[in-house]
Structure formats: C-alpha cells, structure tokens
Amino acid sequence: FKDANESFYKITGYQKKELLNRNLLQENFFHLSQEVMIDMAKNLQEDKEAYYENIQIVIKDGTEKIASIKAKNLEGNNRALIIQDVTKAYSLQKDLKKSKKHFKEITEHSTDVIITFCNHKMTYITPSIGFLTNFKESEFKEYDFFDHLHDCLLYTSPSPRDGLLSRMPSSA
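Numbering (the numbering used here), first residue to last: 9 to 180.
Next comes the structure, spelled out in structure tokens:
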C-alpha cells in the first residue's frame with residue numbers, strides 16, 4: 009500500500025500510517041470471499057482488470073459494507089485498487105425489489121384490470137382481464153391494443169370532442 013485519497017480512508021476507517029507498505033490483497037485485508045480472491049489473483053496475474061460489484065467488505069471497526077472493487081496492474085509491481093462504497097445503493101435496490109414484489113402480489117390478486125404499455129404494446133396485464141372481458145391474457149397481448157381500444161372498453165366516457173355518450177351506469 010502506497011497511498012489513497014481521503015474517500016478511501018473515510019470508507020475504511022483506517023489512517024494512512026496504519027496501511028503503509030502493507031499488501032492489502034495478499035493479506036485479504038477486506039475479508040473478501042475465497043472465490044473473489046482467487047479470481048482477482050488470476051485476473052491480475054494475466055494482466056487483466058478485475059472488477060467486482062456488490063462485494064461484502066469488512067472495515068476497521070468490524071462493520072460490513074457493500075462495495076464495488078476494481079483492481080488493475082500498473083507499471084512495475086504496482087497495482088491500483090479502486091473501492092467504491094455502494095452500501096446505500098445496494099440497500100435501496102433490495103428495497104425496490106421487495107417493493108416491486110409486493111406491488112406485483114397486490115396487482116396479481118386485484119379484481120381491477122391493470123395494464124402497462126410500451127410503444128403501444130402491452131408489457132403487463134393483470135389476470136383479472138379474463139373475468140372482465142372473457143379474453144385470455146395471451147389473446148389480449150397478441151394485437152395492438154390501441155387499434156382495438158373501443159372494442160376492449162366496457163364503457164366509453166363522454167368526450168366533448170366526439171359527443172359520445174357514456175355507457176357507464178349512472179349509479180357508478
């Protein structure tokens with residue numbers, strides 16, 4: 009170890025004097041998994057760049073963080089090691105996946121029809137479409153929905169543009 013920027017010391021909790029002249033990779037300083045260490049050593053030996061995302065590291069106080077690590081050989085026996093703390097981003101990704109799963113569970117069991125589109129093509133439709141229209145989901149996805157919009161809607165809302173009357177029951 010020769011030097012690092014202030015962010016490195018902030019992420020790891022160490023000071024420069026504690027790290028000077030130590031081989032951080034050889035000592036498995038950040039408690040990387042055996043698999044990552046073997047792969048990193050192999051890549052560096054073959055003079056390739058080694059890049060790892062969402063790797064668990066242990067810092068000075070024993071706290072675990074999630075990091076992206078990039079290691080690269082430089083001239084001579086020198087190596088560059090870039091560590092980026094992605095703990096917050098990783099946590100947000102996990103929360104987003106959990107939220108998506110929860111939303112999907114809600115929509116899958118909803119009696120409401122929910123449809124998502126991309127470029128006039130359906131990307132998602134709730135199973136309740138079958139109860140509402142007597143179409144199967146697969147049949148519904150086969151054609152351009154916007155070409156058949158009026159065929160698919162049960163009710164037409166009044167529009168000042170075209171003068172169509174609502175077919176929605178007045179009690180609704």
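Backbone N, C-alpha and C define an ideal beta-carbon position, used for all residues, glycine too. Source: prediction; values computed, not measured.
Lys68 is the residue among Asn127, Met48, Lys68 whose C-alpha sits nearest the C-alpha of Glu26. Under the three-state reduction of DSSP output, Thr124 falls in the strand class. Scanning its chain for C-beta atoms nearer than 6 Å, with the 5 sequence neighbours on each side dropped, one finds around Ile65 the residues Phe38, Lys73, Ala75, in chain order. Annotation for Thr131: Thr124, Phe125 place their beta carbon closer than 8 Å to its own, counting only its chain and skipping 5 residues before and after. In this structure, Glu116 and Thr134 form a Cβ contact; the two beta carbons are roughly 7 Å apart against a cut-off of 8 Å. Judged by DSSP in its simplified three-state form, Ser136 adopts coil rather than helix or strand. If you check the CB distance, Met48 and Ala79 come in under 7 Å.
With a contact defined as Cβ atoms closer than 8 Å, Ser99 and Thr119 miss out at about 34 Å. Following the DSSP letters along the chain, one finds Gln64 inside the beta strand (DSSP E) bounded by residues 58-66. Approximately 19 Å separates the beta-carbon atoms of Gly138 and Lys129; this is outside 8 Å, ruling out the contact. DSSP places Gln92 inside the beta strand (DSSP E), whose first and last residues are 87-93. Under DSSP, Glu72 takes part in a beta bridge, and its partners are Val66. Boundaries of the alpha helix (DSSP H) harbouring Ser15: 14-20, taken from the DSSP string. The shortest CA-to-CA distance from Leu32 to any of Lys10, Glu83, Glu43, Ile63 is the one to Lys10.
Going by C-alpha positions, Gln92 is about 12 Å away from Asn13.
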